[in-house]
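Notes follow the structure.
Okay, here's the thing in structure tokens:
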């Protein structure tokens with residue numbers, strides 16, 4: 001089954017940032033496959049579900065977990081693991 005995403009979804013993949021336009025489901029015992037057009041050069045890649053992440057969205061509560069960018073309002077360092085656990089995000 002192939003599903004056209006409306007609206008397309010911003011994704012982070014191993015090849016960089018991109019916009020997913022389609023989702024392919026080959027059935028049981030296979031990963032969902034995301035058809036992503038890359039921001040950098042417009043190339044199209046099909047990426048297995050475990051390798052994609054939704055882009056951060058502050059309005060929906062999906063905060064970026066990049067340690068270099070994380071800092072509390074008082075200037076104290078933030079532990080990304082603690083933030084992930086507090087938001088129910090599994091850590092590898």
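Numbering (the UniProt record's numbering), first residue to last: 1 to 92. For glycine and all other residues, C-beta sits at the position ideal for the given N, C-alpha and C.
- Per DSSP, reduced to three states, the secondary structure at residue 28 is coil, with no helix or strand assignment.
- In the DSSP assignment, residue 64 is bridged to no other residue.
- Per DSSP, reduced to three states, the secondary structure at residue 40 is coil, with no helix or strand assignment.
- A straight-line Cα-Cα distance of about 12 Å links residue 48 and residue 15.
- For residue 1, no beta strand (DSSP E) run applies, since DSSP gives it neither H nor E.
- Within a 10 Å sphere around the beta-carbon of residue 18 sit 16 or more other beta-carbons, which makes this residue buried.
- Per the coordinates, the alpha-carbon of residue 34 lies some 21 Å from the alpha-carbon of residue 64.
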